[in-house]
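First the structure, in the form of structure tokens, and then the observations on it.
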Amino acid sequence: MVFRLAAASVLALALAAPAHAATSAPTGLKGFLLRTDEPVTHVFPRTPSFAWNPIAGAKRYEFQLSTSSLFRDNGIVFSDSTLRTPAASLPMTLPWITGEPYSLYARVRAVLSVGVTPWSSRFGFNMRWPTLPASAPSYPGLLRWTPVEGARAYQVWFVDVPKVVTVHSNVIDERELYAFHQGAGWISSVRWRVRAVRWTAGGTANSLPAVSYGPWSGVYTSVNPPFAVGRLGLTASVSDTVATGAGGDPAHHLMPGFAFAGSQTLGFLSGELYRVYVFTDRDCVNVVFKGAAVGGPAYAPRPYGPLSLPTTPAELAEARVSFLGDGENEGTHWSVDLQGVTTTEAGSEEADTAAPDLGAAIDLWDTDWPRGGYYWTVVAVNPFVVEGRVEYAELESPQDACAAGRVMRFGKTSEPVLTTSGAPFASGLSPAGRLVSAATEVPRFYGTPLVAWKPVLGADVYEVQWSKSRYPFRPAAAGLVTGSTSAMLRVRPGLWWYRVRGINYSLPTGAQQMSWSELARLVVTEPSFRVETGR
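Positions in the sequence shown are counted from 1; adding 1 to them yields our numbering.
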């Protein structure tokens with residue numbers, strides 16, 4: 002009798018896999034985003050995964066990523082010597098970085114029972130923004146642009162102020178122009194530029210930039226009509242979508258800005274500043290968000306503090322002929338370091354200065370839209386001089402404003418992660434020993450499969466969980482958190498269900514987890530034996 006390992010075993014791989022001499026380096030190394038069968042490209046908007054042709058008899062693979070084409074020690078960004086499948090996922094967010102011709106280089110070699118192969122030819126690539134943010138339709142006092150894949154924040158340059166402001170959504174109000182001067186000479190024309198911001202998470206062996214930027218857009222000019230007088234009224238909530246309070250409004254995937262019009266209260270008092278409130282109830286009793294006082298007909302949350310409002314009569318007089326600066330940051334701030342995420346209190350001397358400060362948590366958690374949602378209103382605010390000091394008071398109650406009909410409803414729902422398109426975005430060794438992408442709803446892989454997903458708006462990092470059962474879904478381990486959009490599922494043979502969700506550190510503490518993806522499944526096959534009779 003002759004005992005032979007089946008195709009999934011190491012011997013079968015040696016027989017069935019593409020033939021390579023024991024000393025040959027791996028070939029076919031490439032980067033990809035979702036599937037190994039994607040066309041070869043050398044430019045990626047987000048961290049790619051990698052794959053190569055399997056080597057017969059390989060016990061494992063060693064993979065390296067470097068900023069040096071010679072792979073000098075001080076240029077190594079990431080390395081993994083435990084790979085059992087000819088594929089690699091990087092558990093980090095790579096910054097946007099380009100070179101001539103490339104800024105990053107990957108290579109791989111196989112570990113055999115008799116030694117190691119030479120390193121493969123290097124695969125060079127660049128990390129680059131796919132598009133520039135473009136001006137999008139909006140409302141008076143509110144700028145809006147198209148989101149950019151791979152971006153987590155945006156910087157807006159008010160050309161004529163001049164000033165640069167960082168926000169996490171795709172909208173920003175024009176509070177600098179409107180505060181204490183609502184005449185046409187201040188507000189009628191706004192010139193601005195915008196660029197995408199990307200920060201790293203997950204850690205690198207050498208310190209790549211913690212923050213990277215796309216190029217500035219061209220100069221956009223937004224025109225505002227004369228400031229509207231009359232009763233205060235609500236117009237819309239605006240982000241990646243627009244909600245006007247009508248039935249059938251879609252939910253926001255990003256924290257919205259709020260557009261309104263008018264200046265007069267219920268009692269016909271004229272306000273000079275305005276404050277937005279968000280509630281969980283139609284009666285506007287339970288406040289979940291209170292905005293900064295702004296002078297324009299729109300408000301969009303900013304993570305880095307309100308304007309520095311005047312505190313003396315002299316400062317108030319100066320504010321009417323000049324632009325205001327920024328005030329102090331308030332509340333708890335988030336800092337993403339190169340190994341994960343930490344929190345620091347605003348103003349703390351212990352804050353990690355090497356990490357990007359994400360500012361205050363100014364986002365709203367998910368609602369079960371359209372059954373559940375939020376309610377918002379706006380009230381007028383005026384400055385008053387009291388004993389030589391300028392103080393600010395609201396001219397009406399937000400509860401009264403809502404009771405009078407000045408209230409609008411909107412939904413906030415995080416974008417679910419997409420892990421499949423007919424077949425899961427998964428790749429690995431087939432039972433025949435070839436590197437393949439999933440072609441069926443339940444693909445079968447030998448070894449460690451690589452799963453990928455599409456990015457979602459607002460996600461800083463992603464959490465992956467897997468379970469032996471669909472329902473109830475019982476995570477088989479603690480799962481993993483990654484700054485990339487792919488992961489290696491190091492699971493035992495069998496049928497596995499897995500899911501992915503984003504984590505948004507701009508959300509309030511305890512509510513930073515976003516929507517889970519639909520469950521996807523795959524089978525990891527066991528090495529098997531068959532008995533053949535022979536002479």
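The beta carbon of each residue, even a glycine, is placed where N, CA and C say it ideally should be. All of these numbers come straight from a predicted model, not from anything done at the bench.
Own chain residues within Cβ distance below 7 Å of R407, not counting five before or after: Taking the sequence shown and counting its residues from 1, the one referred to as residue 407 is at position 406. L233, G234, L235 and T378, listed in sequence order.
Determine, using beta-carbon pairs with one atom in the stretch 414-432 and one in the stretch 309-329, whether at least three such pairs fall under 8 Å. Between the stretch 414-432 and the stretch 309-329 there are fewer than three C-beta pairs closer than 8 Å, too few to call the two in contact.
Would you report the Cα separation of A202 and L35, rounded to the nearest angstrom? Translated into the one-based positions of the sequence shown, residue 202 becomes position 201. Translated into the one-based positions of the sequence shown, residue 35 becomes position 34. One C-alpha to the other measures close to 20 Å.
Distance check for Y375 and Y214, CA to CA, integer angstroms please. Taking the sequence shown and counting its residues from 1, one reaches residue 214 at position 213. Taking the sequence shown and counting its residues from 1, one reaches residue 375 at position 374. Rounded to whole angstroms, Y214 and Y375 show a C-alpha spacing of 33 Å.
Span of the beta strand (DSSP E) around I504: Counting from one through the sequence shown, the residue named residue 504 turns up at place 503. In the DSSP annotation of this structure, the continuous segment of the beta strand (DSSP E) that includes I504 starts and ends at G495 to I504.
If you draw a straight line from the C-alpha of E39 to the C-alpha of P49, how long is it? In the sequence shown, residue 39 corresponds to position 38, counting from 1. In the sequence shown, residue 49 corresponds to position 48, counting from 1. A straight-line Cα-Cα distance of about 12 Å links E39 and P49.
Please report the Cβ distance between Y393 and P399, rounded to the nearest whole angstrom; I am assuming they are in contact, meaning their Cβ atoms lie under 8 Å. Working through the sequence shown from its first residue, we reach residue 393 at position 392. Working through the sequence shown from its first residue, we reach residue 399 at position 398. By a beta-carbon distance limit of 8 Å, Y393 does not contact P399. Their separation comes to about 15 Å.
Say whether the stretch 157-173 touches the stretch 61-68, bearing in mind that this needs 3 or more beta-carbon pairs closer than 8 Å, one atom from each stretch. The stretch 157-173 vs the stretch 61-68: no contact.
If you drop the 5 nearest sequence neighbours on each side, which residues of the same chain put their C-beta closer than 6 Å to that of V279? As a first step, residue 279 must be located in the sequence shown, where it is residue number 278. These residues qualify, in order along the chain: V289, F290, Y375 and W377.
Three-way DSSP call (helix, strand, coil) for I98 in this model: Your numbering for residue 98 matches position 97 in the sequence shown. Of the three classes helix, strand and coil, the one that applies to I98 here is strand, per DSSP.
Cβ pair L481, P450 closer than 9 Å: Along the sequence shown, one-based indexing puts residue 481 at 480. Along the sequence shown, one-based indexing puts residue 450 at 449. Taking 9 Å as the cut-off, the Cβ atoms of L481 and P450 do not count as close.
Rounded separation between R73 and T94 - CA only: By 1-based counting over the sequence shown, the position of residue 73 is 72. By 1-based counting over the sequence shown, the position of residue 94 is 93. Roughly 22 Å separates the two Cα atoms.
Can you pull the DSSP bridge partners for M128? For the purposes of this step, residue 128 is taken as the residue at position 127 of the sequence shown. For M128, DSSP records a beta bridge to F45 and I98.
Residue closest to G484, alpha-carbon to alpha-carbon, out of W130, Y506 and Y472: Numbered from its first residue, the sequence shown carries residue 484 at position 483. Nearest to G484 by alpha-carbon distance, out of W130, Y506 and Y472, is Y506.
Would you decide whether K60 is buried or exposed? Buried here means 16 or more other CB atoms lie within 10 Å of its CB. Translated into the one-based positions of the sequence shown, residue 60 becomes position 59. So K60 ends up on the exposed side.
Out of W187, W517, E397 and W130, point me to the one whose CA is closest to V224's CA. Taking the sequence shown and counting its residues from 1, the one referred to as residue 224 is at position 223. Nearest to V224 by C-alpha distance, out of W187, W517, E397 and W130, is W187.
How long is the line joining the alpha carbons of S190 and G76, rounded to whole angstroms? Numbered from its first residue, the sequence shown carries residue 190 at position 189. Numbered from its first residue, the sequence shown carries residue 76 at position 75. Taking the straight line joining both Cα atoms gives about 48 Å.
Along the chain, which unbroken stretches of the beta strand (DSSP E) at least 3 residues long are found entirely within the stretch 261-342? Entirely contained in the stretch 261-342, the beta strand (DSSP E) runs reaching 3 residues are, in chain order, 274-280, 288-291 and 333-338.
Assuming P131 and G100 are in contact, meaning their beta carbons sit under 8 Å apart, how far apart are those beta carbons, in whole angstroms? On the sequence shown, position 130 is the one that residue 131 refers to. On the sequence shown, position 99 is the one that residue 100 refers to. The Cβ separation is near 18 Å, so there is no contact.
Alpha carbon to alpha carbon, how far is P27 from S218? Position 26 of the sequence shown, counted from the start, is the residue given in the question as residue 27. Position 217 of the sequence shown, counted from the start, is the residue given in the question as residue 218. Cα to Cα, P27 sits roughly 42 Å from S218.
DSSP-derived helix/strand/coil call for E464: The residue labelled residue 464 in the question sits at position 463 within the sequence shown. In this structure, DSSP gives E464 an extended state, which the three-state scheme calls strand.
Can you name, in chain order, every residue of its own chain whose Cβ lies under 6 Å from the Cβ of Y221, other than the five neighbours on each side? Numbered from its first residue, the sequence shown carries residue 221 at position 220. Answer for Y221: S136 and W193, listed in chain order.
Alpha carbon to alpha carbon, how far is D338 from A197? Along the sequence shown, read from residue 1 onward, the residue named residue 338 stands at position 337. Along the sequence shown, read from residue 1 onward, the residue named residue 197 stands at position 196. With a pLDDT of 37 at D338, under the threshold of 50, the predicted position of this residue should be treated as unreliable, though the coordinate-derived value follows. One C-alpha to the other measures close to 19 Å.
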